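Q: Residue numbers (our numbering): 25 to 492.
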């Protein structure tokens with residue numbers, strides 16, 4: 025397997041630190057609102073990477089954090105008149121719902137920044153003791169000039185940065201010894217959460233959080249660190265600097281970054297009116313459509329989100345699901361159980377589709393070509409499986425489609441719609457109310473069902489319903 029390493033700018037053969045095991049850290053969201061579809065791309069991409077490693081036989085320890093203390097969280101809390109922890113708890117829960125809806129599996133560990141403050145203070149103290157950091161009036165800064173390797177991930181020259189590329193400078197106060205020095209610890213402000221530290225009451229800077237959580241849950245050196253390309257500089261660059269200066273060991277062997285997501289060929293922005301949350305997309309589409317859309321391009325390629333492309337993804341997903349649905353019908357309709365010799369020979373073609381899938385994923389997780397292999401398999405299924413086929417052959421074709429789909433986190437079997445007893449009772453009550461000409465009650469029940477996502481249609485054949 026070859027992975028493109030942002031550090032080296034080339035594809036490298038993946039060799040784990042420990043044979044048969046993969047340690048992977050992916051920067052998670054700052055939880056101050058519902059996650060947007062830009063957040064969704066790394067979640068889906070690197071969940072798929074994890075699934076593929078496991079498919080290839082690796083034991084994966086996957087860590088993805090929640091940043092639950094941040095200026096945005098504090099601002100949202102102040103606007104709502106509640107605590108920052110309430111905002112964080114609410115949106116961590118909502119984020120987990122959206123992740124489940126996208127079939128993103130929970131991480132092995134989901135650490136939270138506020139639960140790791142002790143480790144952050146310990147790392148900051150160590151950096152000060154070793155001469156890599158300094159304190160000024162309650163603020164602790166990392167001294168980038170003390171790290172000779174600073175800039176190696178983003179491939180930025182420090183002299184150029186200091187000399188005029190001010191848009192790339194890490195912002196801060198005049199107390200810094202160098203404009204590129206970044207904050208490790210900041211003093212408290214009125215109305216903000218804070219913790220006690222050797223430098224006074226305050227809270228950690230953003231970058232130190234991930235260094236501490238990666239070290240605690242994965243060790244000083246990890247196989248893979250991943251995230252969006254917007255994190256390369258300064259976040260990941262600063263993580264490397266403080267981690268390697270503190271631990272005296274390489275931080276990560278492979279750096280993976282997904283490209284940006286644009287909306288109708290423009291950067292997503294609330295001011296442009298093209299900002300979409302995952303929850304909003306889920307109101308219009310099965311989020312499996314969003315997942316398939318995200319995987320339809322290579323993760324390092326910019327991806328453009330549009331209604332037309334989502335409709336295309338929806339059609340593609342339906343094509344696969346219809347094929348699986350047809351295979352399910354054939355399984356119940358065919359007479360023969362045992363595979364014929366001709367069918368056994370066709371199994372070699374099925375193995376060929378899987379090999380094409382593996383070759384694509386081994387080439388820097390090329391999900392676009394992996395999906396193409398699945399569509400080749402679907403075309404094969406539609407052409408070769410029929411009522412004359414054996415149950416064993418049809419079952420093998422179906423199992424292969426579902427197996428490769430699962431590696432990509434895609435669910436290809438249609439969910440059977442069923443009303444539970446409570447809803448059935450509500451529909452019966454509505455029918456009784458209509459017979460009694462109690463239309464207000466009937467309308468109230470109809471609205472309640474609508475709020476539950478169930479739409480009723482009164483037809484000549486009776487009441488029809490569907491989920492919306």
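Quick reminder that beta carbons are idealized off the backbone N, C-alpha and C, glycines included.
Remember, it's a predicted structure, so these values are computed and weren't measured experimentally.
Touching or not, the stretch 132 to 146 and the stretch 88 to 98, by the rule of three or more beta carbon pairs under 8 Å?
A: Output reads yes: the stretch 88 to 98 touches the stretch 132 to 146.
Q: In whole angstroms, what is the alpha-carbon distance linking residue 168 and residue 199?
A: The alpha-carbon atoms of residue 168 and residue 199 are separated by roughly 14 Å.
Q: List the residues that DSSP assigns as beta-bridge partners of residue 228.
A: Paired residue(s): 209.
Q: To the nearest angstrom, how far is the alpha carbon of residue 319 from that of residue 312?
A: Their backbone Cα atoms lie some 11 Å apart in a straight line.
Q: How long is the line joining the alpha carbons of residue 99 and residue 111, rounded to whole angstroms?
A: Distance between the alpha carbons of residue 99 and residue 111 is about 10 Å.
Q: Please return the same chain residues whose Cβ sits closer than 7 Å to the Cβ of residue 236, not counting the five positions on each side in sequence.
A: Hits under 7 Å: 140, 143, 144 and 147.
Q: Between residue 437 and residue 129, what straight-line distance do the alpha-carbon atoms span, to the nearest angstrom?
A: Distance between the alpha carbons of residue 437 and residue 129 is about 18 Å.
Q: Quick check on the DSSP output: the beta strand (DSSP E) that includes residue 90 runs from which residue to which?
A: Premise fails: residue 90 is in no beta strand (DSSP E) and is neither H nor E.
Q: Closest by CA to residue 280, which one among 295, 431, 361 and 248?
A: It is 248 whose Cα lies nearest to the Cα of residue 280.
Q: Alpha helix (DSSP H) containing residue 36: first to last residue?
A: Run containing residue 36: none in the alpha helix (DSSP H); it sits in the beta strand (DSSP E), 34 to 37.
Q: Please state if the CB of residue 253 and the CB of residue 298 are separated by a distance shorter than 8 Å.
A: Contact flag unset, no.
Q: Nearest to residue 410 by CA position, among 460, 246, 356 and 185, is which residue?
A: The shortest Cα separation from residue 410 among 460, 246, 356 and 185 belongs to 356.
Q: Which residues bound the alpha helix (DSSP H) around residue 72?
A: Element bounds for residue 72: 61 to 79.
Q: What residue does the alpha helix (DSSP H) around residue 404 start on, and which one ends it?
A: 391 to 408 is the extent of the alpha helix (DSSP H) around residue 404.
Q: Out of 309, 371, 459 and 277, which has the shortest C-alpha to C-alpha gap to residue 26?
A: It is 277 whose Cα lies nearest to the Cα of residue 26.
Q: Could you tell me the boundaries of the alpha helix (DSSP H) in which residue 339 lies?
A: 331 to 357 is the span of the alpha helix (DSSP H), which, as asked, contains residue 339.
Q: Which of the three DSSP states is assigned to residue 170 in this structure?
A: Of the three classes helix, strand and coil, the one that applies to residue 170 here is helix, per DSSP.
Q: From residue 348 to residue 332, what does the alpha carbon distance come to, in whole angstroms?
A: When rounded, the distance between both Cα atoms is 25 Å.
Q: Do you know whose CA, among 428, 271 and 396, lies nearest residue 151's CA?
A: Of the listed residues, the one whose Cα sits closest to residue 151 is 271.
Q: Which residues in the same chain as residue 125 place their Cβ atom closer than 8 Å to its Cβ, once the five residues preceding and following it in sequence are excluded?
A: Cβ within range, chain order: 302, 306 and 311.
Q: What residue from 454, 360, 398 and 394 has the CA that sits closest to residue 415's CA?
A: Out of 454, 360, 398 and 394, 360 has the C-alpha closest to the C-alpha of residue 415.
Q: Start and end of the beta strand (DSSP E) containing residue 280?
A: Note, residue 280: beta strand (DSSP E), 276 to 282.
Q: Spell out the partners DSSP gives residue 219 in its beta bridges.
A: For residue 219, which the question treats as bridged, DSSP gives the partners 226.
Q: Go to residue 115, then tell me how far its alpha helix (DSSP H) extends in each direction, as first and last residue.
A: 108 to 125 is the span of the alpha helix (DSSP H), which, as asked, contains residue 115.
Q: Do you know whose CA, among 450, 394, 185 and 222, lies nearest residue 476's CA?
A: Checked all of 450, 394, 185 and 222; the closest Cα to residue 476 is 450.
Q: Taking 8 Å as the threshold (C-beta atoms), are residue 212 and residue 225 in contact?
A: Contact flag set, yes.
Q: Classify residue 463: buried if its beta carbon has 16 or more other beta carbons within 10 angstroms, exposed otherwise.
A: Label assigned to residue 463: exposed.
Q: Let me know the secondary structure DSSP gives residue 411 once reduced to three states.
A: Looking at residue 411 - three-state DSSP - the assignment turns out to be coil, as it is neither helix nor strand.
Q: In terms of alpha-carbon separation, which member of 45, 274 and 215 lies closest to residue 102?
A: Residue 215 is the option with its Cα nearest to residue 102.
Q: Between which two residues does the alpha helix (DSSP H) holding residue 375 run?
A: That run of the alpha helix (DSSP H) goes 365 to 386.
Q: Could you tell me whether the Cβ atoms of residue 289 and residue 350 are closer together than 8 Å?
A: Against a cut-off of 8 Å, the Cβ pair of residue 350 and residue 289 comes out as no contact.
Q: Taking the alpha carbon of residue 377 as the reference point, which residue from 352, 481, 403 and 368 has its own alpha carbon closest?
A: Of the candidates 352, 481, 403 and 368, the one whose C-alpha sits nearest the C-alpha of residue 377 is 403.
Q: Where residue 296 and residue 87 are concerned, what is the direct C-alpha to C-alpha distance, given to the nearest angstrom?
A: Their Cα atoms are separated by approximately 34 Å.
Q: In the DSSP assignment, the alpha helix (DSSP H) including residue 94 goes from what residue to what residue?
A: No alpha helix (DSSP H) holds residue 94; DSSP gives it neither H nor E.
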